[in-house]
Amino acid sequence: MTPHDVSIWTIESLPINRHISPMTADKHTTPALPKAPVARRNPVVLEQLGRTRTDSYAWMKDENWQKVLRDPSVLRDDIRSHLKQENAYTEAVLAGTVPLQEDLFKEMVGRIPPAEESVPLPDGPWLYGLRFEKDAQYPLHVRRPRKAGASEADGPEEILLDVNELAARHSFYSLAQAAHTEDHRYYVYAEDVQGSEVYRIQVKDLATGELCAPAVESSTGSFTLSPDSQHLFWIYRDDNGRPSRIYRRPLLGGEDTLIFDETDPGFFLSIGVSASRKWIAIERGDHDTNETLLIPASDPTAMPKVAAPLVRGERYSLTHWQDRFIVLTNAGGAVDFKLMTAPEATPDRAHWREFLPHEEGHFLLGVSAGKDHLAWLERRNGNTEIFTLSREDADRGDIRRHARHISMDEPAYTLSLLGVLEYDQPFLRYIYQSPTTPAHWYDYDMRTGEKNLRKIREVPSGHDPAAYETRRLFARADDGAMVPVTLLMKKGTKLDGQNPMLLYGYGSYGISMEASFSTTALSLVDRGVIHATAHVRGGSEKGWNWFLEGRATKKTNSFTDFISCARHLIAEGYTAPRRIVAHGGSAGGLLMGAVANMAPELFAGIAAQVPFVDMLNTMSDVSLPLTPPEWPEWGNPLTDPEAYDLIASYSPYDNIRPVSYPAILALGGLSDPRVTYWEPAKWIARLREEARGGPFLCQINMEAGHGGSSGRFARLKEVALVQAFALWSLKQAEN
Numbered sequence: 001m002t003p004h005d006v007s008i009w010t011i012e013s014l015p016i017n018r019h020i021s022p023m024t025a026d027k028h029t030t031p032a033l034p035k036a037p038v039a040r041r042n043p044v045v046l047e048q049l050g051r052t053r054t055d056s057y058a059w060m061k062d063e064n065w066q067k068v069l070r071d072p073s074v075l076r077d078d079i080r081s082h083l084k085q086e087n088a089y090t091e092a093v094l095a096g097t098v099p100l101q102e103d104l105f106k107e108m109v110g111r112i113p114p115a116e117e118s119v120p121l122p123d124g125p126w127l128y129g130l131r132f133e134k135d136a137q138y139p140l141h142v143r144r145p146r147k148a149g150a151s152e153a154d155g156p157e158e159i160l161l162d163v164n165e166l167a168a169r170h171s172f173y174s175l176a177q178a179a180h181t182e183d184h185r186y187y188v189y190a191e192d193v194q195g196s197e198v199y200r201i202q203v204k205d206l207a208t209g210e211l212c213a214p215a216v217e218s219s220t221g222s223f224t225l226s227p228d229s230q231h232l233f234w235i236y237r238d239d240n241g242r243p244s245r246i247y248r249r250p251l252l253g254g255e256d257t258l259i260f261d262e263t264d265p266g267f268f269l270s271i272g273v274s275a276s277r278k279w280i281a282i283e284r285g286d287h288d289t290n291e292t293l294l295i296p297a298s299d300p301t302a303m304p305k306v307a308a309p310l311v312r313g314e315r316y317s318l319t320h321w322q323d324r325f326i327v328l329t330n331a332g333g334a335v336d337f338k339l340m341t342a343p344e345a346t347p348d349r350a351h352w353r354e355f356l357p358h359e360e361g362h363f364l365l366g367v368s369a370g371k372d373h374l375a376w377l378e379r380r381n382g383n384t385e386i387f388t389l390s391r392e393d394a395d396r397g398d399i400r401r402h403a404r405h406i407s408m409d410e411p412a413y414t415l416s417l418l419g420v421l422e423y424d425q426p427f428l429r430y431i432y433q434s435p436t437t438p439a440h441w442y443d444y445d446m447r448t449g450e451k452n453l454r455k456i457r458e459v460p461s462g463h464d465p466a467a468y469e470t471r472r473l474f475a476r477a478d479d480g481a482m483v484p485v486t487l488l489m490k491k492g493t494k495l496d497g498q499n500p501m502l503l504y505g506y507g508s509y510g511i512s513m514e515a516s517f518s519t520t521a522l523s524l525v526d527r528g529v530i531h532a533t534a535h536v537r538g539g540s541e542k543g544w545n546w547f548l549e550g551r552a553t554k555k556t557n558s559f560t561d562f563i564s565c566a567r568h569l570i571a572e573g574y575t576a577p578r579r580i581v582a583h584g585g586s587a588g589g590l591l592m593g594a595v596a597n598m599a600p601e602l603f604a605g606i607a608a609q610v611p612f613v614d615m616l617n618t619m620s621d622v623s624l625p626l627t628p629p630e631w632p633e634w635g636n637p638l639t640d641p642e643a644y645d646l647i648a649s650y651s652p653y654d655n656i657r658p659v660s661y662p663a664i665l666a667l668g669g670l671s672d673p674r675v676t677y678w679e680p681a682k683w684i685a686r687l688r689e690e691a692r693g694g695p696f697l698c699q700i701n702m703e704a705g706h707g708g709s710s711g712r713f714a715r716l717k718e719v720a721l722v723q724a725f726a727l728w729s730l731k732q733a734e735n
């Protein structure tokens, strides 16, 4: 679970333009700025732990916000009016960039194949996959009969789900999950029709094409199906937007049976079934602590039993393999995690035995198991590597020495472990990509080490990896830590200190910003842009300790790391002050707000998508979906004076200064349950009141949530808006 950030608007990074042609420059020429909306001030004095603060814009939070998430039409009229004024102002200020936005959008669409198909996933007699028809926004879920013992199709395609048809009935549509039953008779999917992440689960009979069971309402979108194809396990989302219970119901309808009731409001829930199909597993926990409960798949109506009781500060996950569990855990001070084994009959800690010892700097990320082989993913020196191990070698000691190893010879790249394709077969699937290299899908034979290239991401408008260059730099932080920075630039770019740059950052929840390929970056990089990603503390690019050094009492390291990266890039001649546009989303929007307050002189513009900027108020409101679960990440300002003071010292909304700020664009979503719409709206209003410079722009998507617009092309309009704002703010800084 990635609390504020399961779906930020723009996963791909957004670079900016260095050299603007005369025609493009004309598009950036804009008249005097229109008058900005002035939000009414209604000061509210808040007292907490003997501290007092004043919030003049608390009125922007609708007192019935829970209902607004489920039905945006009930938003209070005065709030709706203000948000519409903000949207109109942003549109007016950026009106001169509309032709540029259209050009960028067309270029980005041109890099996406009009029709596209995923690499099929084999399962028994079928090959399952997704397929986009020409120019379709949403995919078809399809399957084809499978040639016996092979990965080739042996018959016509069957359409399981036409997402375009479903989405046509709604202004927003998103699927969280879709899965077929083990007997291949039914297709189950979870749909969200407003962006609030309150999902409805539907069951479709594949023989008739009709829905065949009452819908499950108020779900988180997470579910699993029992291997006997008889039962649906699903997670309930309560009125505060939290996953609070797990139910089981007969697949084709019937009474819901409560099988787990979560009493800790700070815990997330997930549920799944092992690749061996022997165990159904429930995982509960927060960022520091978790435990797993097991249900034997042979008895799916049994109540879950704890595998290893919860120990505060320890995390573990179980992967069933043969007659044992592989335990991925940080127990015993294994900060970068280690692997243990436990008998499946007795998986408690007393029976854990060391399998792959902890090795600092080798951050273990995940495990996948097949009948006769095991695979794991680890991060070392900022890049990911895959290891595979045979059943015979598992008991020979020093398993790292006996394991096969998959890595790439590049300064920055990523390998994504998709997992073992079928439990009884030795084939593993992974994706390789880098900032210069489009994604490559490989099927890997764990017996022989042979790999089969299944697909290369197509760029219809053309792409030559040799025309680009990736670099990995290290910037010295204030305390001496070396912060990685990944650069993408046109080969031969002159480092004369004049290049504009988009500097992207995130730095929360241990989420690593991967060195991946971005089609949205290319049109601007092709004009001589340098794009940089600052891998600041709070992520896990250098191991789990990199995360621990950027959270809670050490959270400010994320902000000072980002500023150190900007200054290092300036010192090394890559760019210059006010030639940088900073970009981040969600918790990365917190980073944007913090650096705007701390070092506004460095930036020409700041793009903050669904920005988590009203921290002190949000972390003090226990009714909000993510407040109790996120106290381990930020601290609890309701009970801990030190946590209050620390958050108050950096919360972007509470630390605006009367100095000149760069242009700022804040984007939000009305139905967003993670970063609520009022955070960017309040932030922009207060910036206008207290800061100089700007302009300060706010745009709220009135028909979407945390992930912005749905659809593979529609989302690109928002990407184009952010890129056009970046170019526009650079031009403003020059003037």
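For the sequence shown, position 640 matches number 640 in UniProt numbering, and the numbering has no gaps at all.
Virtual Cβ for every residue (Gly too), placed ideally from N, Cα, C.
Practice prompt. Label Met482 either buried or exposed according to how many other C-beta atoms from any shown protein chain fall within 10 Å of its C-beta, with 16 as the threshold for buried.
Written response: exposed
Chain-order list of residues whose beta-carbon lies under 8 Å from that of Tyr423 (same chain, five-residue window excluded):
Closer than 8 Å at the Cβ level, and outside the excluded window around Tyr423, lie Ala275, Ser276, Arg277, Ala369, Gly370, Lys371.
Problem set entry | Beta-carbon proximity of Gly266 to Pro632, cut-off 9 Å | yes
*asked:* To test your reading of the DSSP string, which unbroken beta strand (DSSP E) runs of 3 or more residues are found completely within the segment 108–175?
replied: 121–123, 126–132, 140–145, 158–162
Any idea what DSSP makes of Asn64, helix, strand or coil?
Asn64: coil per DSSP, three-state reduction.
Counting Cβ pairs, one atom from each stretch, are 3 or more of them under 8 Å apart for the segment 120–129 and the segment 410–422? yes
Task: Euclidean distance between Cα positions of Glu47 and Arg578 - done: Cα to Cα, Glu47 sits roughly 39 Å from Arg578.
Among residues of its own chain, excluding the 5 on either side of Ile431, which ones have a beta-carbon nearer than 6 Å to its beta-carbon?
Ser416, Ala439, Trp441
CB of Ala115 within 9 Å of CB of Glu133, strictly: yes
Tell whether a beta-carbon distance below 9 Å holds between Ala532 and Tyr574.
yes
Q: Note down the Cα distance separating Thr627 from Met408, rounded to an integer number of angstroms.
A: 40 Å
Euclidean distance between Cα positions of Thr220 and Glu197:
7 Å
*Same chain only: Cβ atoms within 6 Å of Gly241, ignoring 5 sequence neighbours per side*: Pro625, Pro673
Task: Residue environment, Gly195, which counts as buried when at least 16 other CB atoms sit within 10 Å - done: buried
Per DSSP, the bridge partner or partners of Tyr653
Answer is none; Tyr653 lacks a bridge partner.
For Arg472 versus Gly382, is the C-beta spacing smaller than 9 Å?
yes
Quiz prompt | Ala467 classed as buried or exposed, judged by whether at least 16 other C-beta atoms fall within 10 angstroms | solution = By the neighbour-count rule (16 or more Cβ atoms within 10 Å), Ala467 is not buried but exposed.
Mind listing, in chain order, the continuous beta strand (DSSP E) runs of no fewer than 3 residues lying wholly within the segment 404–460? 404–406, 414–420, 427–433, 440–445, 451–456
Inter-stretch contact at 8 Å, needing at least 3 Cβ pairs: the segment 56–63 / the segment 35–44:
With a cut-off of 8 Å, the segment 35–44 and the segment 56–63 count as touching, because enough Cβ pairs lie within range.
Determine the closest residue to Glu703 out of Arg53, Asp71, Pro37, Trp65, with distance taken between C-alpha atoms. Of the residues Arg53, Asp71, Pro37, Trp65, the one whose Cα lies closest to the Cα of Glu703 is Asp71.
Which residue spans inside the segment 34–93 form an unbroken alpha helix (DSSP H) run of at least 4?
-> 65–70, 77–93
Notebook entry, point to check: DSSP beta-bridge partners for Asp261?
Noted result: Arg245
Problem set entry | Of the residues Ser270, Pro214, Ile282, the one placed nearest Gly253, counting alpha carbons only | Pro214
Problem - Stretch-stretch touch, CB-based, cutoff 8 Å, three pairs: the segment 166–185 with the segment 713–729 - result: no
Can you tell me whether Glu469 is helix, strand or coil according to DSSP? Note: Glu469 maps to strand in three-state DSSP.
Q) Should Asn735 be labelled buried (16 or more other beta-carbon atoms within 10 Å of its own) or exposed? A) With fewer than 16 other Cβ atoms from the protein chains shown falling within 10 Å of its own Cβ, Asn735 counts as exposed.
If distances are taken between C-alpha atoms only, which option among Tyr138, Leu33, Asp78, Glu117 comes closest to Gly96? Residue Leu33 is the option with its Cα nearest to Gly96.
- request: Would you mind stating whether Leu697 and Leu94 have Cβ atoms separated by less than 9 Å?
  value: yes
Which term fits Val74, buried or exposed, when burial requires 16 or more other beta carbons within 10 angstroms of its beta carbon? exposed
Helix, strand or coil: how does DSSP classify Leu310 here? coil
### Cβ-based neighbour list, Ser171, same chain, cut-off 7 Å, excluding 5 preceding and 5 following
Glu703
Roughly how many angstroms lie between the CA atoms of Asp336 and Thr436, to the nearest whole one? So the two alpha carbons sit approximately 29 Å from each other.
Could you please give the first and the last residue of the uninterrupted beta strand (DSSP E) stretch that includes Ile606? 603–609
In the DSSP assignment, the alpha helix (DSSP H) including Trp544 goes from what residue to what residue?
544–548 is the extent of the alpha helix (DSSP H) around Trp544.
| said: Taking 9 Å as the threshold (C-beta atoms), are Val525 and Lys490 in contact? | reply: yes
Is Ser226 helix, strand or coil when you go by DSSP?
Note: Ser226 maps to coil in three-state DSSP.
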